[in-house]
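Residue numbers (UniProt numbering): 1 to 464. Just so you know, even glycine gets a beta-carbon here, dropped at the ideal spot from N, CA and C. Bear in mind that the values here come from a model prediction, so they are computed numbers and not experimental data.
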Amino acid sequence: MNTHSTAEQLSTREIQALDSAHFIHPFTDHGDLATRGARVITRSDGIYIWDSEGEKLLDAMSGLWCVNAGYGRKALAEAAYEQMMTLPFYNSFFQTTNVPAVKLATRLAALAPKVGDRSFEHVFFSSSGSESNDSNVRMVRRYWDLLGQPQRKVIISRHNAYHGSTMAGASLGGMSGMHAQGDLPIPNITHIGQPYFFEDGKPGETADAFGVRAAGWLEDKILEVGPDKVAAFIAEPIQGAGGVIIPPATYWPEIQRIVDKYGILLISDEVICAFGRLGHWFAYERFGYKPDLVTFAKAVTSGYIPLGGVMVGNRVAKVLIEQGGEFNHGYTYSGHPVACAVALANLDIMEAEQLPQRVRGEMGDYFAKRFLALKDHPLVGDAETCGFVAGLVLVKNKQTKQRFNPDDAVGMICRGHCFRNGLIMRAVGDRMIIAPPLTMTHADIDELLRLIHQALDLTQADLH
Ligand code: PLP
């Protein structure tokens, strides 16, 4: 019995009962789930998904920031089938390799732009963003050990960052709710503030001045920890799960100046932002900074199959490879041939359809123009976009920008209206965020904005 026929044979209520009885979901309150029952998603096409009751939803979150090429791509299924029939699995430990992994590493190295003296000729593969960030911690520590500076262990991250859900990933992340469960962060990880101008900008301060001030928190932290103890700084180009926090233009250049000044490694966590999301293959290109390590996952396969990894810049790769001997680290599925074959087919689609170019070209401009017009809505305090990522903040008073109380659960109210009216939009506190597939047409963008307007109007009606 395949999954499709299971969905056909079981009623929604039966699936929900089994789901609640047996399936522990990520980031889910299971008491709530048992009462309400999960929404059962059964099929997809293009930018839409359908549930088991036949309701159609425009998926403005691309699954979970990953289905950049859209749903229903036969070429990706065919690539997986062909590879499974040829070589479904072999490991890449102990001096073996496979052709799709070699081809993908070569292709990613060619796609990653060289910036200044930094280039990316090497790739380490994992199966997720979390694993990749664990690997980053291992590689960073190994790097400084090999250079005779084992005391450099502290990695600085930011509050409200999301870097995954493993022990190291959740520790690197700055989510207080995650830290509160399980004694996190683990030692040698510390956090600074996020560059959220709407929240932390001072009266009269420009965004550019705030960007420099927020970057300065990194220098303050380096001095507090002791410059000789700091190993690396990790950050998302744009904080995604934290609510689409887009830094002012001055932020990244100042961060670059600071990491260069103290010689610490820079890790760009591009699990959300790479592969066209910001209009480039890699997001550091969009902001013009020079990372040493770049975390990727999600859209490398458009989410069709799990794959992640780290682009290892020449500064780190040279030391690990030339001085390191065997690195005692790796995953069974590092360089999984089927995942790599799907990634190659996904990159073929992105190249043929010029998805990054679309996002940084006219389609991106149209998306930005339509989304930014939401600033006129009475409930919206601010709206921002960067490529095909966008966020807005819901406010109680548009003139004074007074925020709602967390107890008002305004984001969840709005999300509920989206969900009931055919739109997947995510709520992070009082922020509503989207990251739609990069294949959106003008008509799709118009429909998306119609649905967002409708949800905002319904939320407004509930609150006043
Ligand atoms: N890093 C970032 C920036 C992410 O957004 C995520 C997931 O959303 C991760 C890491 C973790 O990736 P995964 O869920 O594949 O482990």
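Q: Take I41 and list the residues in its own chain whose beta-carbon comes closer than 6 Å to its own, dropping the five residues that flank it on each side.
A: Excluding positions up to five away in sequence, the list reads I49, D51.
Q) Would you call the CB atoms of E270 and T295 closer than 8 Å? A) yes
Q. Does at least one heavy atom of the ligand PLP sit under 7 Å from the Cβ of N133?
A. yes
Q) What is the rounded straight-line gap between the Cα of A427 and the Cα of V410? A) 9 Å
Q: Could you give the DSSP three-state label for K261: helix, strand or coil?
A: helix
Q: Flag L307 as yes when its Cβ comes closer than 7 Å to any non-hydrogen atom of the ligand PLP, and as no otherwise.
A: False, no ligand heavy atom lies under 7 Å from that Cβ.
Q) Measuring CA to CA, which of H453, F120, S62 is closest to Y304? A) S62
Q.
Going by DSSP in three states, A427 sits in which element: helix, strand or coil?
A. Strand.
Q: Indicate whether at least one CB of chain D lies closer than 8 Å to the CB of G325.
A: No chain D is present in this structure, which holds just one protein chain.
Q: Leaving out five residues on either side along the sequence, give the residues of the same chain with a beta carbon under 6 Å from the beta carbon of I15.
A: V40
Q.
Please report the distance separating the alpha-carbon of F367 from that of A343.
A. 26 Å
Q) Just how far apart, CA to CA, sit S92 and G174? A) Between S92 and G174, the C-alpha separation is close to 33 Å.
Q: Return the chain-ordered ranges of every alpha helix (DSSP H) run that is complete within the segment 153 to 240 and spans a minimum of 4 residues.
A: 167 to 172, 176 to 179, 197 to 200, 207 to 225, all fully within the segment 153 to 240.
Q | Under the three-state DSSP convention, the category Y90 falls into | A | coil
Q: Answer yes or no: do I245 and Q194 have a C-beta to C-beta separation smaller than 8 Å?
A: yes
Q. What alpha helix (DSSP H) runs, 4 residues minimum, are completely inside the segment 339 to 386?
A. 355 to 360, 362 to 372
(Q) Can you look up F287 in the DSSP assignment and give me helix, strand or coil? (A) In this structure, DSSP gives F287 a helical state, which the three-state scheme calls helix.
Q. Nearest to E326 by CA position, among A79, R142, L111, is which residue?
A. R142
Q) Using the C-alpha atoms, what's the distance from L463 back to F404? A) Near 11 Å, if we compare the C-alpha coordinates of L463 and F404.
Q | Heavy atom of the ligand PLP within 7 Å of V140 beta-carbon | A | no
**Q.** Three-state class that DSSP yields for R36 in the structure shown
**A.** helix
Q. Nearest to V319 by alpha carbon, out of L394, N68, V140?
A. V140
Q: Could you pull out every residue in the same chain whose Cβ sits closer than 6 Å to the Cβ of G215, ignoring the five residues on either side in sequence?
A: Per the sequence presented here, residue 215 reads as Ala, with Gly not at that position. Contacts found: Y251, E254, I255.
Q: Classify K375 as buried or exposed, calling it buried when 16 or more other Cβ atoms lie within 10 Å of its own Cβ.
A: exposed
Q | Distance between beta carbons of A341 and A109, contact taken as under 8 Å | A | Rounded, the Cβ-Cβ distance is 18 Å, inconsistent with contact.
**Q.** Expected contact under 8 Å - CB spacing of R107 and I349 to nearest Å
**A.** About 13 Å separates the two Cβ atoms, so there is no contact after all.
Q | The alpha helix (DSSP H) enclosing M139, as first and last residue numbers | A | Element bounds for M139: 129 to 146.
Q.
Using the Cβ count rule (16 or more neighbours within 10 Å means buried), how would you classify G31?
A. exposed
Q. Expressed to the nearest angstrom, what Euclidean distance is found between the alpha-carbon atoms of H159 and A390?
A. 20 Å
**Q.** Spatial distance of S20 from F27 (CA atoms)
**A.** Taking the straight line joining both Cα atoms gives about 14 Å.
**Q.** Cβ contact (3+ pairs, closer than 8 Å) linking the segment 332 to 341 and the segment 113 to 133
**A.** yes
Q | Closest residue to K369 among A383, P378, Q357 (Cα-Cα distance) | A | Of A383, P378, Q357, the residue nearest in Cα terms is A383.
(Q) Here's the rule I'm using: 16 or more other beta-carbon atoms within 10 Å means buried, otherwise exposed. How should L87 be labelled? (A) For L87, the number of other beta carbons within 10 angstroms of its own is below 16, and it is reported as exposed.
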